[in-house]
Amino acid sequence: MSQPDALSASSAAPDLRTHPGVQRVLAALAVYDVFPQVVALPDAVRTAAAAAAALNITAAEIANSLVFRAHVENGPAEPLLVLTSGAHRVDLVKVADLLDGVDYVDRADADFVRDHTGFAIGGVAPVGHLHPVTTVVDVSLSRYRHVWAAAGHSHTVFRTTYEELLRVTGGHAIEVA
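Residue numbers (the numbering used here): 198 to 374.
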């Protein structure tokens, strides 16, 4: 990967090098000796389609970071991060069935996402969360040499690999669609 703390951008993109979310992501990745180039985009990329269009790639090459509520017996809902191909819709029943101890999975609202990850929807990164988050990684991302993930702000992304996502998140590889 590129040099530490690199941030590239088009001339119209905001300078986000010091944004706290981006800094948390870079610090979390550095623990694993990963120093990606963060790309700042001129517009928010809150969907896989928007990110893909901005990067001139397919939506399938976007590692969408989606936070859900995993319900366990006799306990509060816990955050579940699903890193899925932007071309997929997560099958919540299938995901719950593949996870030990999870009764069911449902959508998380914006407050739940921010409280557990520290990121706003559209900028949730695979790492750098405020609290530990159980993570699963869509096996379909393994088809691509590189994938792109949010970097802690709705205007930022970074290039990574399926294998690197598994390593830095401690995630479990599963079929999510």
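Glycine is no exception: its CB is placed at the ideal position from the N, C-alpha and C atoms.
Pull up the DSSP beta-bridge partners for residue i, would you.
i, result
"V310", "None, per the DSSP bridge assignment."
"V333", "V279 and H369"
"T353", "A237"
Does DSSP put residue i in a helix, in a strand, or in coil?
i, result
"D212", "coil"
"R340", "helix"
"F316", "coil"
"V324", "coil"
"A305", "coil"
"A346", "strand"
"A374", "coil"
Considering residue i, what are the terminal residues of the beta strand (DSSP E) in which it resides?
i, result
"A293", "Note, A293: premise wrong, no beta strand (DSSP E); alpha helix (DSSP H) at L289 to L295."
"H369", "H369 to I371"
How far does the alpha helix (DSSP H) with residue i in it reach, from first residue to last?
i, result
"V365", "Y359 to T366"
Step through the CB atoms of chain C and report whether any lies within less than 8 Å of the CB of residue i.
i, result
"P276", "The chain labelled as chain C is not found in the depicted structure, where only one protein chain is given."
List the whole-angstrom C-beta distance separating residue i from residue j, where the pair is believed to meet the contact cut-off of C-beta under 8 Å.
i, j, result
"A248", "G325", "The pair is not a contact, with the Cβ atoms about 18 Å apart (cut-off 8 Å)."
"S282", "P323", "With 8 Å as the limit, S282 and P323 do not qualify as a contact, their Cβ atoms being about 13 Å apart."
"V264", "V321", "6 Å"
"V242", "V354", "7 Å"
"H285", "D240", "About 23 Å separates the two Cβ atoms, so there is no contact after all."
"V219", "G315", "12 Å between Cβ atoms; not a contact."
"D303", "L289", "7 Å"
"L238", "H352", "5 Å"
- Uninterrupted beta strand (DSSP E) stretches inside the region 216-251 (no shorter than 3 residues): Entirely contained in the region 216-251, the beta strand (DSSP E) runs reaching 3 residues are, in chain order, 235-237.
- Sequence ranges, beta strand (DSSP E) only - wholly within the region 257-285, length at least 3: If we require 3 residues or more, the beta strand (DSSP E) runs fully inside the region 257-285 come out as 259-269 and 275-282.
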